[in-house]
Amino acid sequence: MLEINTIKNNPDLIIKKLQKRGLDVKQDIDLILQLNNQRIENQQKLDEMLAKGNQLAQNIGQFAKEKKFEKIEELKKIAGQIKIDSKELIEIAKNIEEKIKKQLIRIPNIPHDTVPEGKDDTNNIVIKTWEREFSDNTNKAEKLLPHWELAEKYDIIDFKTGSQITGSGFPVYKNLGAKLQRGLINFFLDYNASAGYTEYIPPYFVNEDSAFNTGQIPDKEGMMYHINNDNLYAIPTAEVPITNMFKNTRYNHNELPIKCTAYSPCFRREAGSYGKEVRGLNRLHQFDKVEIVQICDPKYSYKILEEMVEHVTKLLKELGLKFRIVQLCGGDLGFTSALTYDFEVYSVAQKKWLEVSSVSNFETYQANRLNLKCVNEEKKSILCHTLNGSSLALPRIVATILEQNQKENSITMPVVLHKYLGFDSITM
RNA sequence: GGAGAAGUGGCAGAGUGGUCGAAUGCGGCGGUCUUGAAAACCGUUGUACCGAAAGGUACCGGGGGUUCGAAUCCCUCCUUCUCCGCCA
């Protein structure tokens, strides 16, 4: 959520910058400013009234000591009326504030200046592509099997049983497939830890407040599974519980940045997805992911964003996969993000790119909802910046490891994984 | 799930209806002293909103209520602790 003062200070600039998302927020901004003026006017009246009331209460206290009872009765009458009047103003204030918030949460984050214009993913910019690092005797295009066929051939992922137990999008990993999941999670976590990220295991369900703070509510409410009885949401990403660990906190600038990593299963309803989009591991309702989150002094957030991008890049290079980095354009940028780089690995059998990580700077958008601040070098208390990224989402990594490394009767595992897996290739 | 106790400033901890935004201690910051540091001493030290400023208003777990006046009384929710029950 944007800060009202940011809007107040330069409404035209915000309107202009949000045009990059293909949005015209002029009316929303005007309404917010108008409401804010009402709020201030009302508050001034109320403050004045309350000040009078406080004064009277003090006087009554004084008279009580002096036992001047008839004076007390006189003042009580006035104070009583003030109370009635102020209650009215308090109602008005609540009402206005509610309206402001309702208006404010409709406005997405302001795109960073470098974000390209564009209306959807076709306008995203490919920053760089890396070719597959180890080549062997595979990849005769006509023989390449898609990962779901490989999964069946080697008996490592059972989609059918998963749908019997729960439904489609809930696969069962089996044998070396299960070990591959576990190995990848450990590899990712170790890799993050060695870069200074502290490991956490967060709750996998969050309350409404937490879901709101990171921006899942109200913007993407339908994406989450909801437990009605207890009003909890199954997390769509570890970003939600991890970032919310820091709500209502204030750091000194020298305590920052805070670097966290966490493995968690992720639950997404993915309503409306269909067909080849959801084939195999392409899009699941439950999947595993290792996440990285940083909380930092605003001054350094873009440097840190680059550092995180570098981090994920190296991780993907270690796996030896063909992948690319894409910068999201205004129209494709997430609601809460100011700047996002997506990492996509190449599915050689499907001949398409699959997103495996999204690294974003949210600037103060989440921090404002979280009430997460820091005291900067100038000793001013300001909102922190929050950033996060996947490192990495497992299913599509698994899919491309299987596809990019397939041979006639085996699948070679990336060398870095050998010690995590206890095997170096998958065979029948 | 049942029965009790408690939630106060960065921390510890006082405060049971009137000048309490809140004693005191620790910590932090500034200074005196010192070659330097420590100790000691003096001063200062919450957040948000309005205001040019003076100043005003709100906040003692959240929400509501009683009262002219609430950290203090009442209701409710949440959290923590103790005991009992159940359980991987």
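For the first sequence, our numbering gives the first residue as -2, with consecutive numbering after it. Using N, Cα and C, we set each Cβ at its ideal position, and we do this for glycine too.
Check: As assigned by DSSP and simplified to three states, the class of residue 294; Outcome: coil
Check: Straight-line Cα distance separating residue 210 from residue 216; Outcome: 11 Å
Check: Length of the line joining the Cα atoms of residue 354 and residue 40; Outcome: 46 Å
Check: Residue closest to residue 423, alpha-carbon to alpha-carbon, out of 278, 171, 198; Outcome: 171
Check: As assigned by DSSP and simplified to three states, the class of residue 369; Outcome: strand
Check: Alpha-carbon to alpha-carbon, residue 346 and residue 138; Outcome: Note on residue 138: pLDDT 49, under 50, position unreliable in the model; the coordinate value appears next. One C-alpha to the other measures close to 8 Å.
Check: Nearest to residue 384 (by Cα), restricted to the options 301, 412, 344, 271; Outcome: 301
Check: Residue 414 burial status per 10 Å Cβ neighbour count (16 or more: buried); Outcome: buried
Check: contact_flag[the stretch 58 to 68, the stretch 11 to 30] where n(CB pairs < 8 Å) is 3 or more; Outcome: no
Check: Residues near residue 259 in its chain [Cβ-Cβ closer than 6 Å; skip 5 each side]; Outcome: 197, 199, 235, 239, 288
Check: Sub-9 Å separation of residue 408 and residue 342 beta-carbons; Outcome: no
Check: Residue span of the beta strand (DSSP E) that contains residue 339, given as start and end; Outcome: 336 to 344
Check: Identity of the residue in 42, 379, 364, 227 nearest residue 212 by Cα; Outcome: 364
Check: Burial state of residue 328, where buried means 16 or more other Cβ atoms lie within 10 Å; Outcome: buried
Check: Extent of the continuous alpha helix (DSSP H) run through residue 59; Outcome: 23 to 63
Check: Cβ-Cβ distance between residue 205 and residue 189 below 9 Å; Outcome: no
Check: Close Cβ partners of residue 295 (< 6 Å) along its chain, the five nearest in sequence each way excluded; Outcome: 382
Check: Cβ neighbours of residue 134 in the same chain (closer than 8 Å, five flanking residues each side left out); Outcome: Only weak support exists for where residue 134 lies, its pLDDT of 48 falling under 50; the value from the coordinates is given anyway. For residue 134, where only same-chain residues beyond five positions count, the Cβ hits under 8 Å are 404.
Check: Among 326, 275, 292, the one whose alpha carbon lies nearest that of residue 111; Outcome: 326
Check: Residue(s) in a DSSP beta bridge with residue 260; Outcome: 287
Check: 8 Å contact criterion, which residue 29 and residue 86 should meet: CB distance rounded; Outcome: 21 Å between Cβ atoms; not a contact.
Check: Check whether residue 180 and residue 169 have beta carbons under 9 Å apart; Outcome: no
Check: Neighbourhood of residue 320 by C-beta distance below 7 Å, restricted to the same chain and skipping five residues each side; Outcome: 127, 313, 340, 341, 342, 343
Check: Local Cβ density within 10 Å of residue -2, reported as buried at 16 or more and exposed below that; Outcome: buried
Check: For residue 202, the three-state DSSP class (helix, strand or coil); Outcome: strand
Check: Helix, strand or coil at residue 3 according to DSSP, with G and I counted as helix; Outcome: helix
Check: Sequence-distant residues of its chain with Cβ nearer than 7 Å to residue 94 (five each side left out); Outcome: 36
Check: Proximal residues to residue 43 (C-beta, below 8 Å), its chain only, five neighbours per side dropped; Outcome: 83, 86, 87, 90
Check: Residue 123 in three-state terms, based on DSSP; Outcome: strand
Check: Complete runs of the alpha helix (DSSP H) confined to the stretch 375 to 411 [at least 4 residues]; Outcome: 391 to 401
Check: Three-state class that DSSP yields for residue 134 in the structure shown; Outcome: Note on residue 134: pLDDT 48, under 50, position unreliable in the model; the coordinate value appears next. In this structure, residue 134 counts as coil in the three-state DSSP scheme.
Check: Proximity below 9 Å, CB of residue 425 to CB of residue 402; Outcome: no
Check: Pick from 203, 281, 104 that is closest to residue 271, judged by C-alpha positions; Outcome: 281
Check: Chain-order list of residues whose beta-carbon lies under 8 Å from that of residue 32 (same chain, five-residue window excluded); Outcome: 93, 96, 97, 100
Check: With 16 other Cβ atoms within 10 Å as the buried cut-off, status of residue 10; Outcome: exposed
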